[in-house]
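Under the working numbering, the first residue of the sequence shown carries the number 2, and numbering increases by one thereafter. Every residue gets a Cβ at the ideal spot worked out from N, C-alpha and C, and that includes glycine. Down below is the structure, laid out as structure tokens.
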Amino acid sequence: MNIVSARLIKSVASMEQCPAGGRPEIALAGRSNVGKSSLLNCLVNRRGLARTSSTPGRTQTINFYLINDRFYLVDLPGYGYARVPERVRVRWGPLIEGYLSRRPELKGVVQIVDLRHPPTEQDVQLYGWLQYHRIPVVVAATKADKLSKNQAIKQLSVVRRTLELQEEDTVIPFSAQTRQGRDELWKLIGQWVEI
Ligand code: GTP
Ligand code: MG
């Protein structure tokens, strides 16, 4: 995909604030600090577009990035981080769930997990939930640069097994640092947004 433009259009904290216009959307979902914003920056070749941080819970709103004036990459708040203030945490579940279940513009979800660790219970739940709702999903297993080739192969099967993936389901080993997996992921996203 040739990225001509990428800009943040809106950060929203409720469904009503989501942008109008009907452009297709691809959402990035995963637990807090897994590397969602870094993956987005890697996809669009813009280091500082989405804010990244070693502190979990950085992204707390749904952020809409308009790509090539054609479609949105949607950076979702992370789940599973307990140490954010209660008033922030209670909002996340319904916001993410509301977005994923009631957004006709949503064409697919990139579910991001950490290749180094087995998916968490919440990762498993999200994957099952997306399948149940028949939302197209691809798993990107990120931070692959932190593993040796052999470790990566081993961990990939742990990811597949834990998420209970079928043969035809895709996991893409990914690294925002080396850009491994970037082309493969764009190929799928390109099909989803039909460009
Ligand atoms: P929240 O918005 O807080 O939910 O986090 P996030 O999922 O957006 O994660 P973010 O992209 O901010 O990355 C979290 C940390 O992981 C940062 O310190 C990143 O530099 C690091 N990181 C993300 N992706 C990679 C990767 O592929 N390789 C390596 N080595 N580090 C990564
Ligand atoms: Mg983030």
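**Study point:** Delimiting residues of the beta strand (DSSP E) encompassing Q112
**Key:** L107 to D115
Check your understanding: Taking 7 angstroms as the cut-off, does the CB of S149 come closer than this to any heavy atom belonging to ligand 1?
Key -> Checking the Cβ of S149 against ligand 1 gives no.
Point to revise | Reference Y73; option with closest CA among H134, G129, S33 and L41 | key: For Y73, the nearest C-alpha among the options comes from L41.
Point to revise | At least three beta-carbon pairs within less than 8 angstroms, the stretch 101-118 to the stretch 146-156 | key: yes
Exercise for review: Note down, in chain order, each residue of its chain lying with its Cβ closer than 7 angstroms to the Cβ of R161, except the 5 sequence neighbours on either side.
Suggested key: V172
Exercise for review: Verify whether the separation of the beta carbon atoms of L77 and L9 is less than 8 angstroms.
Suggested key: No. Outside cutoff.
Practice item. Return yes when at least one heavy atom of ligand 2 lies under 7 angstroms from the C-beta of S38, else no. Key: yes
**Study point:** Alpha carbon of G31 to alpha carbon of L96, nearest angstrom
**Key:** 14 angstroms
Practice item. Identify the continuous alpha helix (DSSP H) that holds S15 and give its terminal residues. Key: Boundaries cannot be given for S15, as no alpha helix (DSSP H) includes it and DSSP labels it neither H nor E.
Review point. Which word fits Q112, buried or exposed, when buried means at least 16 other C-beta atoms lie within 10 angstroms of its C-beta?
Key: buried
Review point. Just to check, is the beta-carbon of N34 closer than 7 angstroms to a non-hydrogen atom of ligand 1?
Key: At least one heavy atom of ligand 1 falls within 7 angstroms of the beta-carbon of N34.
Practice item. Rounded to whole angstroms, what's the CA-CA distance from S149 to K37? Just pull it up for me. Key: 22 angstroms
Review point. Among residues of its own chain, excluding the 5 on either side of G23, which ones have a beta-carbon nearer than 7 angstroms to its beta-carbon?
Key: E106
Point to revise | Outcome for A51 when other beta-carbon atoms lying within 10 angstroms are tallied against a minimum of 16 | key: buried
Practice item. Name the residue from S102, Q192 and T121 whose alpha carbon lies nearest to the alpha carbon of I136. Key: S102 is the residue among S102, Q192 and T121 whose C-alpha sits nearest the C-alpha of I136.
Review point. Rounded to a whole number of angstroms, what is the C-alpha to C-alpha distance between A7 and E195?
Key: The straight-line gap separating the alpha-carbon atoms of A7 and E195 is approximately 18 angstroms.
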